[in-house]
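Notes to accompany the following structure.
Chains as they are written, first to last, in the numbering used here: chain A, 170 to 678; chain B, 34 to 447.
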């Protein structure tokens, strides 16, 4: 029998009315990187919450055996004492405290009740060196990027003498470079004997780092694949996740491309706080009716900033440049004006910028175009209901009714609500910023189908995405953005991940 | 390939049992609206409790009339306050604005001898100006409302005292006093047992409310979007009718309808409609629910904030007029602590501290709970120290109930 550091045996977890986990078993070998895959809602996070004591012993059935002992965790601190540390997708760092303070938060390096700052900072520096972060430990968390914050989380885990590190979607918010660094670090820690469990949607990542992968579907364990011994393809994993073969991850589209709808000329945007720093620098691009245009760029290239500045100047200062719609120059100095000119922007961060999570589906759908439902300032609530219900059906939003609160929907369904909202505003141009971020494979396919449908209706679509295969799968033409400048433009026939990456990393000449 | 979508995402667990019994249907509907119904039941229980404790004094016509008149200005303030709180702000200045506007209306009506209607009009305009002043700092300068209105609480109290030179202004013209202390005219001059204008108004109001509800329900049924069980609908309507007619009967057996109640009822109807059905109302909820998302949906959130404070200023001025009229004098200390009563009413009425959630009716019921508690305890001869103690605990419990409910709901759905 292999040397298992962790065995979860027949875990069943029931919420009122729902069996979230049913007889799930997981075996993790000492010293390996073990991936867990599954669609959103499959039960991955619930399983990890059971493991880390968020759901204490007694609220689930089954046994957890850690280092050959049956363990019964009462809370997170309990599991951490045993050496199990979980790093959540939403990082749990305090922005105005220093790196060192965050590392030792709840575990302060104190002498007789007073904090020993020298020891705190010294120990922090040692831990930072282990994760390859060379910032000063007294730097504030808010002053470092998400990639580095992720490393601070890992340093914090190391300070707790972690034996089993659980990472929930660690690279979801990272660019390729930071992701690569993080994966390197995991390998490095593996060399030091730390076992990790990684939950990820990124299959290429799993293939490159994991020794084995357990697939969970609908709250059950489907299978565990040994990636080191067997040749396992990405499609093989996807098949396990969705329950059948996936012939194509991208739907076909055949839409005649029409006249130019939007043209952006010489577009320059400055940073809202540092007024002399150019975030977007003389960008020119256009998009035509029925066309899906991609914008590729590494994190910090200015993709979102470009989109938001075009969308009623909702980002940046000292914006210069011209916008043309159907060849005529337009002014869109506020979001309201942009919407009137038929521009829609679906944000990359739907929870913070896209939805009113405490309100229901119908009021979110109507939110950007209430005027269409109103007479003299009074909204026709019945028509609103009817309109929202039509979108619920046509977009396949899975919810009991349009009165459901959006905060309780899954990521994919939330994204469909955001798209419905912008479709209802009646746009000619849709800018979709990371439309499939944090969405499972099946829902992604649905979103692509919706994008195709929009193009087929003669709308111009701009898609911003960090996933190059996605852009290559759905776009007709792709612009590459690097350091705020458009460095190249490739028709889909010539675009490859390699050719795009060359433009995306092109420095200013 | 399109079949993929069907299988890929598991269907949500069946949430609607197909044809449950009528009773089960009503019960599940009630639990889904536990909060709204909960405070209503709390109000009824408190009324019953004090009715028993005071040996029936609480619901005597005279006392019901005085509960209405005594609490009208807090309720008027609570209307504006719930809107401010839904938007995610707070207004601590309303008590001082009540005093300042009251003082100025004393200057207009008494010192300068303006006609009563001109004084009232000028006072309302003054309230709008005060609101615009605070709205400017909140909306366009970006200072948190807590700070702006804390400053307002001090400055307008100071202004009220300066204007009055720390001495009350009195007496006011009779027409002015009637706004706060008057009743609709009684054609029989008190000879009939029931004052019939009040009876007519009460019956008309009941018919209006019932017809309105039936019409709305019919429209929803026609579109196939009614989710309210019929039995519950009937119960609700019957309850509203009994309540309105009951209050009508009590008022009519005393002096008739207080004018301030007519004003309050009109405001409640108007602002309920604004919050439910107007674009402005929707923008307030959107702003409070998620500021960023509202801005990126084209909502001019600064304008919403500004108008909210202007609106609050006007309502505070109205409350100031009602209070001044009832006391028949402009007092430098008027309105002290009103802001806290109004805020408490809003939170007891189910509004969320973080914004985005709340209703005008909820705030009204919250205000009535506080009002009945005050009145009942005074009738029992409890001192203000006990009133304060008990009101504090009620506020805490009401919000604790909310928090408990919410966390239970969150657990059930995660």
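A virtual CB, placed ideally from N, CA and C, is assigned to each residue, including glycine.
Inter-residue CB distance, residue i and residue j (contact presumed, cutoff 8 Å)
i, j, result
"residue 161 of chain B", "residue 141 of chain B", "So it is not a contact: roughly 15 Å between Cβ atoms."
"residue 396 of chain A", "residue 380 of chain A", "6 Å"
"residue 180 of chain A", "residue 229 of chain A", "6 Å"
"residue 124 of chain B", "residue 178 of chain B", "7 Å"
"residue 409 of chain B", "residue 87 of chain B", "6 Å"
"residue 205 of chain A", "residue 368 of chain A", "5 Å"
"residue 390 of chain B", "residue 119 of chain B", "7 Å"
"residue 620 of chain A", "residue 513 of chain A", "With a Cβ gap of about 13 Å, residue 620 of chain A and residue 513 of chain A do not count as contacting."
"residue 466 of chain A", "residue 632 of chain A", "Not confirmed; about 12 Å, so no contact."
"residue 377 of chain B", "residue 396 of chain B", "Not really, about 10 Å apart at Cβ, beyond 8 Å."
"residue 530 of chain A", "residue 557 of chain A", "6 Å"
"residue 478 of chain A", "residue 438 of chain A", "4 Å"
"residue 629 of chain A", "residue 460 of chain A", "6 Å"
CB contact check: residue i to chain A, cutoff 8 Å
i, result
"residue 313 of chain B", "yes"
"residue 251 of chain B", "no"
"residue 99 of chain B", "no"
"residue 329 of chain B", "yes"
"residue 382 of chain B", "no"
"residue 326 of chain B", "yes"
"residue 95 of chain B", "no"
"residue 318 of chain B", "yes"
"residue 248 of chain B", "no"
is_contact[residue i, chain B] using C-beta, thresh 8 Å
i, result
"residue 183 of chain A", "no"
"residue 527 of chain A", "yes"
"residue 290 of chain A", "no"
"residue 276 of chain A", "no"
"residue 504 of chain A", "yes"
"residue 228 of chain A", "no"
"residue 179 of chain A", "no"
"residue 631 of chain A", "no"
"residue 523 of chain A", "yes"
"residue 483 of chain A", "yes"
"residue 532 of chain A", "yes"
"residue 508 of chain A", "yes"
Burial state of residue i, where buried means 16 or more other Cβ atoms lie within 10 Å
i, result
"residue 167 of chain B", "buried"
"residue 357 of chain B", "buried"
"residue 50 of chain B", "Reliability of the predicted coordinates at residue 50 of chain B is poor, the pLDDT of 41 falling under 50, and no value is obtained from them."
"residue 173 of chain B", "exposed"
"residue 268 of chain B", "exposed"
"residue 366 of chain B", "exposed"
"residue 213 of chain A", "buried"
"residue 318 of chain A", "buried"
"residue 500 of chain A", "exposed"
"residue 662 of chain A", "exposed"
"residue 672 of chain A", "buried"
"residue 305 of chain A", "exposed"
"residue 667 of chain A", "exposed"
When the options are compared against residue i, the one with the closest alpha-carbon
i, options, result
"residue 384 of chain A", "A/495, A/175, A/411, A/229", "A/411"
"residue 403 of chain B", "B/415, B/79, B/181, B/394", "B/79"
"residue 545 of chain A", "B/429, B/311, B/394", "B/311"
"residue 690 of chain A", "A/292, A/315, A/631", "Residue 690 of chain A lies beyond the range of chain A shown here (170 to 678); nothing can be said about it."
"residue 424 of chain B", "B/120, B/400, B/348", "B/400"
"residue 378 of chain A", "A/360, A/596, A/387", "A/360"
"residue 548 of chain A", "B/287, B/316, B/206, B/152", "B/316"
"residue 431 of chain A", "A/474, A/605, A/511, A/612", "A/511"
"residue 476 of chain A", "A/287, A/638, A/570, A/433", "A/433"
"residue 287 of chain B", "B/336, B/237, B/222", "B/222"
"residue 205 of chain B", "B/412, B/405, B/387, B/359", "B/359"
"residue 420 of chain A", "A/659, A/618, A/200", "A/618"
"residue 364 of chain B", "B/212, B/306, B/353, B/145", "B/353"
Cβ-heavy atom distance, residue i to the ligand COA, below 7 Å
i, result
"residue 106 of chain B", "In terms of ligand content, the structure shown is empty, and the ligand COA therefore cannot be addressed."
Within chain D, the residues that residue i reaches when beta carbons sit closer than 8 Å
i, result
"residue 390 of chain B", "In the structure shown, chain D cannot be found, because the protein chains are A and B."
For the region 543-555 of chain A, which residues have a beta carbon sitting closer than 7 Å to at least one beta carbon of chain B?
-> Near chain B, meaning a CB-to-CB distance below 7 Å, the residues of the region 543-555 of chain A are 543, 546, 547, 548, 550, 551, 554, 555.
Residues in the region 333-357 of chain B having any Cβ partner in chain A nearer than 7 Å = If the cut-off is 7 Å between Cβ atoms, the region 333-357 of chain B has 333 near chain A.
Taking a Cβ distance cut-off of 7 Å, strictly less, list which residues of the region 395-411 of chain A are near chain B, in chain order.
-> Result list: 411.
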